[in-house]
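For reference, the structure is listed below as structure tokens.
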Amino acid sequence: MALGLVLTAPAVASAGDRATTVATVHLRQLNDSGASGRGALVLRGNQVEISFRVRGVLARAPHAQHIHIGAQGRCPSQDADTSGDGIVNTTEGHPFYGHIGTSLTTSGDTSPASGLAVDRFPTPDGSTYEYRRSIAVTADVATDIRNGKAVLVVHGIDPNHSGTYDGSAPSDLDPSLPLEATSPAACGPFRLVR
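Under the working numbering, the residue at position 3 of the sequence shown is numbered -10, and the numbers go up by one with no gaps.
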């Protein structure tokens, strides 16, 4: 499981490109999704081993997931819903968790360009899934992880309990998708282990 990474890696080392950084994440629901989770990552240079488990998500639907960077390093509250539609969309969360630094796809490219690569994100049969992957990250992602400013965001909600992404509201990221598909379901900042 994800926390096993913490047990097998050294604690946070001194600064430098070869330093090892260990961080944990506790995902909490956004948008009353019921989603939650826990995980960890180990960063060595620009190489990341990441593992986490998410539960309470919509089954048989892809869940985009990313390491977000470049902002406050925290998750928004429901008060971030500036449009008043009852949903904190990705754009409304941006001032808190920032832009996509790494797309946590199941295979292939992990750059921000794969941010909506729905065919390469976890699509669980049930309401729980585990993710584990070793990837290279960019220098800005590595810096925000080391500085405690990186945030894990899992997207995809089902507020009307229809069992699918639907609704007439379009995504703020891609109008060809419903808002439910790209809105954040769970969020958690990576916390350094000391």
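For glycine and all other residues, C-beta sits at the position ideal for the given N, C-alpha and C.
Alpha carbon to alpha carbon, how far is residue j from residue i? Give it in angstroms, no decimals.
i: I144; j: G73; result: 12 Å
i: G24; j: Q16; result: 9 Å
i: L(-6); j: H81; result: Bear in mind that a pLDDT of 40 at L(-6), under 50, signals an unreliable position, so the model cannot answer this.
i: D68; j: E167; result: 14 Å
i: D112; j: R47; result: 5 Å
i: S121; j: G85; result: 23 Å
Helix, strand or coil, according to DSSP, for residue i in the structure here?
i: T130; result: helix
i: L139; result: strand
i: T7; result: strand
i: H50; result: coil
i: L179; result: strand
i: L14; result: strand
i: G57; result: coil
i: S101; result: helix
i: G80; result: helix
i: A172; result: strand
i: A106; result: The sequence given here places Asp at residue 106; Ala does not occur at that position. Helix at D106.
Thinking C-alpha only, which one of the options is nearest residue i?
i: R42; options: P165, V141, D161 and G150; result: V141
i: A126; options: D161, V105 and T89; result: T89
i: T92; options: V75, Y118 and N76; result: Y118
i: L164; options: V12, V180 and L103; result: L103
i: H182; options: P171, A156 and I132; result: A question about residue 182 goes unanswered here, because the residues of the chain that appear run from -12 up to 181.
Over what stretch of residues does the beta strand (DSSP E) that includes residue i continue unbroken?
i: H86; result: H86 to S90
i: A123; result: T115 to A123
Tell me the DSSP bridge mates of residue i?
i: L30; result: T8 and V35
i: P165; result: P157
i: S23; result: R42
Does any residue of chain C have a CB that is nearer than 9 Å to the CB of residue i?
i: Q59; result: In the structure shown, chain C cannot be found, because there is only a single protein chain.
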